[in-house]
Amino acid sequence: MSRSQVWACLAAGLCLALAAVWWAGLDRRPVLVCFGDSLTSCGGKGGHYSDWLARFLPGVRVVDAGVGGDTLLTGRARYARDVLHHKPDVLVIALGANDFWQRARAVAALHDDLDSMVREARATGCQVVVASCFGDRDFWSETCVEFAPERYELAWLIARMERTVCQDHACLYVPNMQTDVKPNRLPPYWDETDHPNRAGNEQVALRLLPAVRQALAAVRR
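Just so you know, we're using the numbering used here here: the sequence shown kicks off at 1 and counts up by one.
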């Protein structure tokens with residue numbers, strides 16, 4: 001074998017070795033993106049519900065894409081960068097609370113935003129879980145509702161809209177992600193910013209966990 005052939009063999013071997021190291025270093029876990037507003041970003045370092053999901057699901061790479069103050073409209077504006085960029089296998093969408101408080105847009109417009117984001121995710125094969133604060137609630141019988149009775153109808157309409165989107169796109173729906181930490185503002189689950197704290201977000205994650213696991217099982221089939 002000539003010297004040039006020896007060098008060619010060594011170079012090929014080195015390339016194969018480097019490729020093997022690169023392949024071994026890849027993170028091939030399924031990707032879960034938690035996309036939402038302050039209910040997704042609250043809880044402090046290590047205390048987001050996404051952090052708890054990461055602990056409960058060590059075989060999954062969890063990305064927190066929560067931005068305080070987000071609405072469905074502003075979420076849609078950053079959707080490609082903060083969600084699709086990660087190529088998620090499973091997506092949790094927890095938006096709509098700020099739309100509810102602001103009452104600035106019609107429910108039909110909120111439907112268009114949520115429907116668009118879900119449709120885009122489903123087109124990539126991603127499984128979607130829509131997490132709500134409003135579904136399956138009897139406001140008139142709750143001990144302490146976080147908003148006045150004149151808002152009950154709007155909450156009901158948003159929940160119905162969310163269910164419609166989920167039915168249209170074969171998504172999973174968690175109708176009341178905070179049901180285990182109600183009523184609001186009380187220890188041990190709430191902090192001074194009127195958001196779930198670390199302990200509260202553990203309960204939120206446990207509420208989301210069955211739907212997330214079901215979504216992951218659908219990805220792996």
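Virtual Cβ for every residue (Gly too), placed ideally from N, Cα, C.
Inter-residue Cα distance where the pair is residue i and residue j
i: R55; j: L209; result: 11 Å
i: A65; j: R78; result: 10 Å
i: Y189; j: D82; result: 28 Å
i: D115; j: C144; result: 31 Å
i: A215; j: V31; result: 11 Å
i: A159; j: H85; result: 28 Å
i: Q167; j: R76; result: 20 Å
i: G218; j: Y173; result: Sequence check: residue 218 is Ala here, not Gly. Each residue's alpha carbon lies about 15 Å from the other.
i: N98; j: V62; result: 24 Å
CB-CB length for residue i against residue j, believed under 8 Å
i: C126; j: L72; result: C126 to L72, Cβ: 18 Å. No contact.
Neighbourhood of residue i by C-beta, 6 Å cutoff - its chain only, sequence neighbours within 5 removed
i: Q203; result: D180 and V181
Exposure of residue i, with buried meaning 16 or more beta-carbon neighbours within 10 Å
i: E162; result: buried
i: W101; result: exposed
i: T164; result: exposed
Residue range of the unbroken alpha helix (DSSP H) whose run includes residue i
i: F100; result: A97 to Q102
i: Q167; result: Y152 to H169
i: G59; result: Unbroken run through G59: none, as it is neither H nor E.
i: L186; result: From DSSP, L186 is part of no alpha helix (DSSP H); its letter is neither H nor E.
i: A131; result: First-last for A131: Q127 to A131, but that is the beta strand (DSSP E), not the alpha helix (DSSP H).
Where the beta strand (DSSP E) containing residue i begins and where it ends
i: V174; result: L172 to V174
i: L32; result: V31 to G36
Close-in-space but distant-in-sequence residues of the same chain around residue i (CB under 8 Å, 5 per side omitted)
i: R119; result: H169
Same chain only: Cβ atoms within 7 Å of residue i, ignoring 5 sequence neighbours per side
i: A24; result: With a pLDDT of 41 at A24, under the threshold of 50, the modelled position of this residue cannot be trusted; read the value that follows with caution. None.
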